[in-house]
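In our numbering, the protein residues as written are 60 to 361.
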């Protein structure tokens, strides 16, 4: 169930032409269902989500250029073959505006250029377009203010997850990638928590507060990962309604589709859960105070 989401805004040509750029951002949380969100919206007839899920333009500019270059090479070499590969992996086929997006993306100047970023969405037409980058959860208030000032009609989504479970999922991701030395034990978790950027991504309450302070309440929606697990169809409907898309359009991806469901995960035992809850004790309380709803139960484990 969303918290703080207003009624869906109307979608008209005047709004599209006035602000340009993205119509919405999903700014997190990392490891809280943002891939699910992208997979649900990308094939929806009311939306255009460019073929790169995470732009990282405002937190790690240039970090996705190599990915975009590889996609563009394959698309220009043989679009039909590339689309056949994508569809085997349950990703939508690319069309000309996707290829145009990739060309613009690889040609972007170094650093943050908000006008070049806005131009990435020039071909959206009447579609609802967005950027799903959980890395934007760590943006400073000044950057958030710049984004909101340039895109005054922007809507923002945040999917919150129990901080203990979110932290453990992030830890597992790093284990799978081979980024961590040692075993999945408490000492390894403590070392992981001390890494640069780990705790800033764990402070979901700070992220939500910053974005809430920057935009009107009816353009910010907080959703819970708990609801994705419990009833993905209802959550999908709530998200579509908030963004202005039709919740009744025929879905080509089942609401419970989880692209990452087969990823290997180390189970979290009671001792590990307690250790992480101690590390995140203040954040558990802060989430309960800032979010309410599902987050109240999270705090009881802290």
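Beta carbons are placed, not taken as given, at the ideal position from N, Cα and C, and that holds for glycine. Predicted model only: the values in this text are computed from it and were never measured.
Name the DSSP bridge partner or partners of residue i?
i           : result
residue 107 : 188
residue 85  : 191 and 216
Counting only the same chain and skipping the five closest in sequence on each side, list residues whose C-beta sits under 6 Å from that of residue i.
i           : result
residue 333 : none
residue 305 : 105
residue 209 : 173
residue 344 : 358
residue 159 : 182
residue 80  : 177, 180 and 210
residue 112 : 97 and 191
residue 151 : 101 and 102
residue 228 : 90
residue 327 : 227
residue 360 : 336
Go ahead and label residue i buried or exposed: buried means 16 or more other beta carbons lie within 10 angstroms of its beta carbon, across all protein chains shown.
i           : result
residue 342 : buried
residue 231 : buried
residue 263 : buried
residue 99  : buried
residue 114 : buried
residue 222 : buried
residue 71  : Bear in mind that a pLDDT of 48 at residue 71, under 50, signals an unreliable position, so the number given afterwards is only what the model happens to contain. Classification of residue 71: exposed, given that the 10 Å Cβ count is below 16.
residue 125 : exposed
residue 89  : buried
residue 93  : buried
residue 349 : buried
residue 73  : For residue 73, the predicted structure reports a pLDDT of 39, less than 50, and the residue's modelled location is therefore unreliable. A value from the coordinates is still provided. It counts as exposed.
residue 289 : exposed
residue 137 : exposed
residue 259 : exposed
residue 101 : buried
residue 211 : exposed
residue 91  : buried
residue 200 : exposed
residue 275 : exposed
residue 273 : buried
residue 220 : buried
residue 336 : buried
residue 246 : exposed
residue 149 : exposed
residue 248 : buried
residue 280 : buried
residue 362 : Because the chain here runs from 60 to 361, residue 362 falls outside it and cannot be looked at.
residue 69  : Bear in mind that a pLDDT of 40 at residue 69, under 50, signals an unreliable position, so the model cannot answer this.
residue 185 : exposed
Please return the same chain residues whose Cβ sits closer than 7 Å to the Cβ of residue i, not counting the five positions on each side in sequence.
i           : result
residue 324 : 231
residue 205 : 173
residue 165 : 124, 127, 128 and 131
residue 353 : 283 and 285
residue 175 : 167 and 168
residue 347 : 354, 355, 357 and 358
residue 308 : 103, 104 and 105
residue 163 : 178 and 179
residue 237 : none
residue 317 : 95
Using a Cβ-Cβ cut-off of 8 Å (strictly less than) and excluding sequence neighbours within five positions of residue i, which residues of its own chain qualify?
i           : result
residue 169 : 120 and 121
residue 234 : 243 and 325
residue 256 : 197
residue 108 : 97, 100, 101, 188, 189 and 191
residue 145 : 151, 152 and 153
Three Cβ pairs or more, each shorter than 8 Å: is that satisfied between the region 263-282 and the region 237-246? no
Any contact of the region 83-96 with the region 186-206, i.e. 3+ C-beta pairs under 8 Å? yes
Tell me, please, whether the region 182-191 touches the region 242-257 by the rule of three or more beta-carbon pairs shorter than 8 Å. no
Pairing CB atoms from the region 131-143 with CB atoms from the region 205-220, are three or more of them under 8 Å? no
Could you tell me which uninterrupted alpha helix (DSSP H) segments, each at least 4 residues in length, are contained entirely in the region 106-185, listed from first to last along the chain? 124-136, 138-147, 155-165 and 173-178
What runs of the alpha helix (DSSP H), each 4 residues or longer, lie entirely inside the region 272-354? 284-289, 291-302, 329-338 and 340-350
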